[in-house]
Every structure is written in structure tokens, then in C-alpha cells.
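Undergrad: Before we start, here is the structure in question, set down as C-alpha cells.
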Amino acid sequence: MKLVLEMMKREKHSELPDNLMEKLQKLSKICENLQQKSVIEGSLSSRNSKKILQLFYTLLKNVASIKYVLYGCYACNKAFKTRDYLKNHMIRRHQGLLVKSLSCSLNSHLTTWQTNLSSPSLDLADEINYLKEQQQEIKRQLESKAKDLDQESPRLGQSLNLNPLHNRSYKSLDTIDLQNFLREISSKPSSPPIEESYRNPQDLLIAAHLLNIDPVVDSHYLYIAKQFLDKPLPKNWKVLGSVFKNIQTEETVSEHPGIKHYKKLVKMMKHRKEMIIEKVKEVLKPCNRAQENVYKKGIQGYFWVPKEDFEKKKAELGQKLQDQILKLGKITMKMLGEIDKECLKRTNTNPGFNEAYKNIEKHLKVLMANRLTNI
């Protein structure tokens with residue numbers, strides 16, 4: 001035992017802690033005592049002591065092989081004490097290799113999934129449920145990641161919208177079909193467009209009617225009707241009299257084959273206009289309410305008069321009216337006769353005065369009639 005301990009010290013196993021060396025020394029003393037007892041007591045005890053010694057020697061061998069475990073990088077010759085250091089090193093220095101290894105592992109998993117799906121022994125319902133659970137887990141991870149990004153930088157979090165209907169890059173099948181149709185028409189060489197002076201306005205009106213465009217109300221959409229007249233037919237379509245025919249499928253149609261796409265375009269533009277108007281109305285609603293309140297306050301302030309001033313003004317006007325009535329009551333028949341004589345004299349000297357006198361006479365008759373009715 002002493003020889004074993006001396007050999008371990010000569011090999012300079014400095015990595016072993018001091019407590020472990022002390023325990024080994026105690027075990028060596030116990031083994032020596034067991035050897036002495038086995039010689040004295042006989043064969044039965046010697047067998048037990050031999051077993052204990054064998055266990056001790058195996059323990060010594062295992063302890064002798066103990067050293068610090070170092071984690072080496074498979075891409076370079078560096079070694080690290082912990083796995084965390086190794087991970088950080090791989091992320092900093094060998095990121096491409098990590099991506100490749102991940103892709104290889106994913107491919108291997110995919111191949112195993114494909115083989116499992118192809119085998120008839122598997123239950124497809126269980127496999128579908130398993131895949132659905134995985135999909136839900138991935139969605140949860142993505143949502144949590146989006147929340148973290150939103151907390152870190154709100155603009156980046158807003159751009160990562162998981163709902164495809166609210167995502168700007170999402171496109172429906174109708175829009176994709178329309179874009180493909182317009183791309184196909186624009187790529188095809190067409191005849192030069194007809195100039196405005198030579199185009200028949202009746203054709204433009206017919207095209208607008210076919211596309212559900214009112215030429216008076218929706219005059220700003222007439223450019224779509226012009227494009228409809230100028231653009232060529234789609235691929236593999238030809239005009240045969242009053243019918244359009246497809247060369248490949250031999251399908252005949254009475255309407256233009258691309259008219260449905262143009263109708264969708266008109267409908268989409270009208271819907272966009274309505275949406276813009278509604279949004280503008282929503283934006284202007286609070287402004288209009290505030291403006292109405294300002295106008296109401298201004299009108300009330302302009303026409304509103306205090307009650308005392310109103311009563312005072314009313315009394316003044318009533319007094320003036322009474323004075324005028326009293327003045328009219330003092331006129332007698334003699335005064336009217338004198339006025340008639342004076343008027344006759346003036347009419348003889350000045351013929352234009354007759355008309356003025358007649359007007360005054362009518363006015364006086366009206367005043368007298370009002371006076372009689374008031375009495």
C-alpha cells in the first residue's frame with residue numbers, strides 16, 4: 001500500500017484534493033491491520049480480508065485515473081474546463097459548423113419521420129396529433145420570442161406579426177392570380193396604343209359599362225377601361241368573329257377572357273377609396289365636433305343679449321311706436337284739405353310731382369286705415 005501511495009506521489013497527481021489523499025492513507029492503515037489479523041485468525045478471516053483488499057486496490061486504480069475532465073473543441077485543438085466555455089467558444093468561432101450540424105440533425109429527423117410515416121404499422125392519427133402538438137409548441141415559442149423582441153425594441157416587435165392576414169407580405173389567391181395575369185399581359189408584346197384623337201369614344205364608354213364604371217361619377221377610373229382596350233389578349237386566346245377561343249383547351253367564351261380580372265381591379269380600387277374615405281372621416285370626427293362646438297359658442301355669444309338690456313330695448317321701441325300713433329291722431333280734415341290744395345298747385349307747376357303725391361296719398365290712406373282698425 002505504501003508503494004502504491006509513493007507511486008502516486010511520484011507521478012505528481014496534483015489534481016487530487018488533499019482530503020482524498022488523507023482518506024487513502026487511512027484506508028492503507030486499515031488494510032495493513034486487516035493483513036495482520038488475517039495471519040493471526042486463520043483462513044476464514046483471511047478470505048474476507050482478501051476481498052476487502054481487492055476492493056481497496058480497485059478503488060486505488062480508479063482514483064489514480066481521476067483527473068480534471070477537459071472539454072475539447074472538435075473544430076480546433078483548444079480545450080476548456082466547462083461546457084459553458086465550450087459553448088461560448090463554438091458560438092463565437094464556429095457558428096457555421098453549428099448551423100450545419102443542426103441542419104444535418106434536422107434532415108436525419110425528417111428522414112426518420114418520413115420512414116415512420118411510410119411504414120404501415122404506425123397509427124397515422126397519433127402521428128398527426130404529435131405533429132399538431134409540436135406545431136403548437138413552435139407557435140408558443142415564436143409568440144414568446146416576439147414578446148421579448150417587442151419589449152426590447154417595439155418597432156421590431158410590431159414588424160413581426162404572426163397573423164398572416166395582418167402581415168403586409170401576405171397575399172390572397174385572388175391577388176396572386178391578378179398579379180400573374182397582369183405580369184403575363186405586360187410581358188407579351190402588344191400593338192402600339194391608339195392615340196386619344198383617333199380612339200372612338202363609344203368604345204371607351206362600352207368598356208367602362210362592361211367593367212361597371214360610371215363615366216360621370218367614376219371618371220377617375222376610366223384609365224382602367226383604356227388599359228383594357230389597349231392590352232392584348234392573354235396567352236393561347238384568339239378572336240373568332242364575336243367569340244373568344246382558347247387554342248389549347250378549345251374553350252369558347254362570349255366575353256373577354258381577362259375581364260374578370262379587370263372587374264376585380266375596379267372593385268378593389270373602389271373598396272380602397274371607400275376605406276380611405278371612412279378612415280378620413282374617423283380622423284376628422286373629433287375635429288368636426290370641436291369646430292361645431294366653437295361655432296355654437298360663437299353664435300350664442302353673438303345673438304345672446306342679457307335680459308335687462310332686452311327689456312329696456314323693448315320698452316324704448318314701444319314708446320316710439322306710441323309717439324308715432326299720437327302724431328297721426330292730431331291730423332285733422334282741414335289739414336288734409338290744405339295739403340290737397342298745395343299739392344294741386346305744385347302739380348301744375350311741376351308735372352313730376354304728381355306721381356310722388358299719389359304715392360304719399362296711398363301711404364296716408366293705409367296709415368289712416370290702420371289707425372281706424374287699432375281704435
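Heads up, the sequence shown is in the UniProt record's numbering, so the first residue is 1 and it goes up one at a time. We put the beta carbon where it would ideally sit given N, CA and C, even for glycine. Since the structure is predicted, the reported quantities are computational estimates derived from the model, not experimental observations.
1) Could you give the first and the last residue of the continuous alpha helix (DSSP H) run that contains N348?
2) Quick one: what does DSSP say A79 is sitting in, helix, strand or coil?
3) Mind checking L96: buried by the 16 CB within 10 Å criterion, or exposed?
4) May I ask you to report which of helix, strand or coil DSSP gives L280?
5) Let's see if you can read the secondary structure: which residues bound the alpha helix (DSSP H) around K226?
6) Which whole-angstrom value describes the C-beta separation of V266 and N212, a residue pair presumed to lie in contact below a C-beta threshold of 8 Å?
7) Keeping to the same chain, check which residues put their C-beta closer than 7 Å to that of S187; ignore five residues upstream and five downstream.
8) State yes or no: is the beta carbon of A225 nearer than 8 Å to at least one beta carbon in chain B?
9) From V253 to K238, what distance separates their C-alpha atoms?
10) If you draw a straight line from the C-alpha of P234 to the C-alpha of G258, how long is it?
11) By alpha-carbon positions, which one of S242, K279, N236, M269 ends up nearest to Q248?
12) Is H256 buried or exposed, if buried means 16 or more other CB atoms sit within 10 Å of its CB?
13) What residues are listed by DSSP as bridge partners for L364?
14) Using DSSP bridges, identify the partner residues of T252.
15) Smallest Cα separation from I206: which of D340, A225, F80, I360?
16) Buried or exposed for H209, please, with buried defined as at least 16 other CB atoms from any protein chain shown within 10 angstroms of its CB.
17) Rounded to the nearest angstrom, how far is the Cβ of A79 from that of H94, given a contact under 8 Å?
18) Starting from the Cα of H220, find the closest Cα among F244, K270, G241, K263 and give me that residue.
19) Run through DSSP, which three-state label would L240 get?
20) Quick check on Y74: does DSSP put it in helix, strand or coil?
21) Helix, strand or coil: which one does DSSP assign to H94?
22) Once the 5 residues before and after K362 are set aside, which same chain residues still bring their CB inside 8 Å of it?
23) I need the boundaries of the alpha helix (DSSP H) containing D218, first residue and last residue.
24) Using a 10 Å radius around the Cβ and a threshold of 16 neighbouring Cβ atoms, would you call Y262 buried or exposed?
25) At the level of alpha carbons, what is the spacing between R83 and H89?
TA: Let me spell this out:
1) DSSP places N348 in the uninterrupted alpha helix (DSSP H) bounded by 333-349.
2) Strand.
3) The sequence shown places Gly at residue 96, not Leu. Classification for G96: exposed.
4) The sequence given here places Val at residue 280; Leu does not occur at that position. In the structure shown, V280 sits in a helix (DSSP, three-state: H, G or I).
5) For K226, the enclosing alpha helix (DSSP H) stretches over residues 222-230.
6) Indeed they touch by this definition, with Cβ atoms about 6 Å apart.
7) Confidence is the limiting factor: at S187 the pLDDT is only 49, short of 50, which leaves the residue's position unreliable, though a coordinate-based value still follows. Contacts found: none.
8) Looking at the structure shown, chain B is missing, and only one protein chain is on hand.
9) Their Cα atoms are separated by approximately 10 Å.
10) So the two alpha carbons sit approximately 7 Å from each other.
11) Among S242, K279, N236, M269, the Cα nearest to that of Q248 is on N236.
12) It counts as buried.
13) According to DSSP, L364 bridges with nothing at all.
14) Under DSSP, the beta-bridge partners assigned to T252 are K245.
15) The shortest CA-to-CA distance from I206 to any of D340, A225, F80, I360 is the one to A225.
16) Exposed is the label assigned to H209, since fewer than 16 other Cβ atoms lie within 10 Å of its Cβ.
17) Their Cβ separation, rounded to whole angstroms, is 15 Å, which puts A79 and H94 out of contact at 8 Å.
18) In this structure, K270 is the residue among F244, K270, G241, K263 with its C-alpha nearest to the C-alpha of H220.
19) Residue state for L240 is assigned as strand, using DSSP reduced to three classes.
20) Correct three-state label for Y74: coil.
21) When secondary structure is reduced to three states using DSSP, H94 falls in the coil class, being assigned neither helix nor strand.
22) Same-chain partners within the cutoff: there are none.
23) Premise fails: D218 is in no alpha helix (DSSP H) and is neither H nor E.
24) Buried is the call here.
25) Using only the alpha carbons, I get a separation of about 10 Å.
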